[in-house]
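Report on one structure; see the data block that follows.
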Amino acid sequence: SEYLAQWLIASKDSIRPKSYIQYRQIVEQHINPMLGHIKLSDLRPEMIQAAYNKKTAAGTSARTVRLIHSVLRSALNQALRTALIYRNPATIVYQPKLKETEMKVLNENQVRSLLIAAKGHRLEALFKLEVTSGLREGEILGLRWGDLDWENHQLKVQRQLQRVTGMGLVFSEHKSAAGRRMIMLGSETIVSLKAHSSMQYAERVFAGEKWQENDLIFPSSVGTPLDPRNLFRQF
47 SEYLAQWLIA SKDSIRPKSY IQYRQIVEQH INPMLGHIKL SDLRPEMIQA
97 AYNKKTAAGT SARTVRLIHS VLRSALNQAL RTALIYRNPA TIVYQPKLKE
147 TEMKVLNENQ VRSLLIAAKG HRLEALFKLE VTSGLREGEI LGLRWGDLDW
197 ENHQLKVQRQ LQRVTGMGLV FSEHKSAAGR RMIMLGSETI VSLKAHSSMQ
247 YAERVFAGEK WQENDLIFPS SVGTPLDPRN LFRQF
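The opening residue of the sequence shown carries number 47 in the working numbering; numbering runs sequentially from there.
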């Protein structure tokens, strides 16, 4: 438990705030109660396996147990790199299998109905962009006008907006190359975004001094980051 506390402090700046809070919860709520009393050098694979088995028997979901494993393995990999241990005992432990669930997506008729319903809505362009790009909710709310190349119809995805416990709405940069990417936009999407830009200008004028400029493509009606919960309600 002492080592995990140090590891959390050391890793805080290298991971997203929401991930850090999740890691800390996993350590405090799951790993420490099971294994926190054991000396780092005495930790064995069978101890970890027994802890996972106990969690599973108590009704903990396979996803949570696998998340516990991921956090513990990462922490022990760092201990291995710094020569605190000579092998990572978590690497040879069995994890519960995840049940494969079929992804639910809108079919063509449902997409058409969505876009018809969104006609004239202040976020019509957001819904059009979403169904044509597949961006994650946090990514689309983190887009700035500076990310958009009007001439080449390109949109740079490089950050996301998340609600973090105790911190509120937080922008976080994508750490991986897979997260940072460029997507091509169709001509209809560009037309929709131009109309959205004009509408946003009118909102800015109407809001006056209440407007808070953040260069966001899809802000609230006063320019502040749009809360994902409010977007979901409108969807």
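Don't be surprised by glycine CBs; every beta carbon is placed ideally from N, CA and C.
Checklist entry - Rounded to the nearest angstrom, how far is the Cβ of residue 271 from that of residue 184, given a contact under 8 Å? => result Actually they are not in contact, since the Cβ atoms of residue 271 and residue 184 sit about 10 Å apart, beyond 8 Å.
Next on the checklist: According to DSSP, is residue 158 part of a helix, a strand, or is it coil?
Outcome noted: helix
Next on the checklist: Suppose you measure from the CA of residue 107 to the CA of residue 191; what does that come to, to the nearest Å?
Outcome noted: 41 Å
Item to check | N- and C-terminal bounds of the alpha helix (DSSP H) containing residue 118 | outcome: 108 to 127
Next on the checklist: So, at 8 Å on beta carbons, what are the nonlocal neighbours of residue 67 in its own chain, with the 5 sequence-adjacent residues on each side left out?
Outcome noted: 210, 211 and 212
Next on the checklist: So, at 6 Å on beta carbons, what are the nonlocal neighbours of residue 138 in its own chain, with the 5 sequence-adjacent residues on each side left out?
Outcome noted: 91
Checklist entry - When DSSP builds the beta bridges, which residues end up paired with residue 214? => result 210
Checklist entry - Run through DSSP, which three-state label would residue 268 get? => result coil
Checklist entry - Just curious, the beta strand (DSSP E) that residue 143 is in, first and last residue? => result No beta strand (DSSP E) contains residue 143, which DSSP labels as neither H nor E.
Checklist entry - In terms of DSSP beta bridges, what is residue 229 paired with? => result 201
Item to check | Rounded straight-line distance, which links the Cα of residue 180 to that of residue 232 | outcome: 13 Å
Checklist entry - Just curious, the alpha helix (DSSP H) that residue 81 is in, first and last residue? => result 78 to 81
Item to check | Touch test, the region 100 to 117 against the region 60 to 76, Cβ-Cβ under 8 Å, three pairs minimum | outcome: yes
Checklist entry - Is it the case that the Cβ atoms of residue 186 and residue 264 are separated by a distance below 8 Å? => result yes
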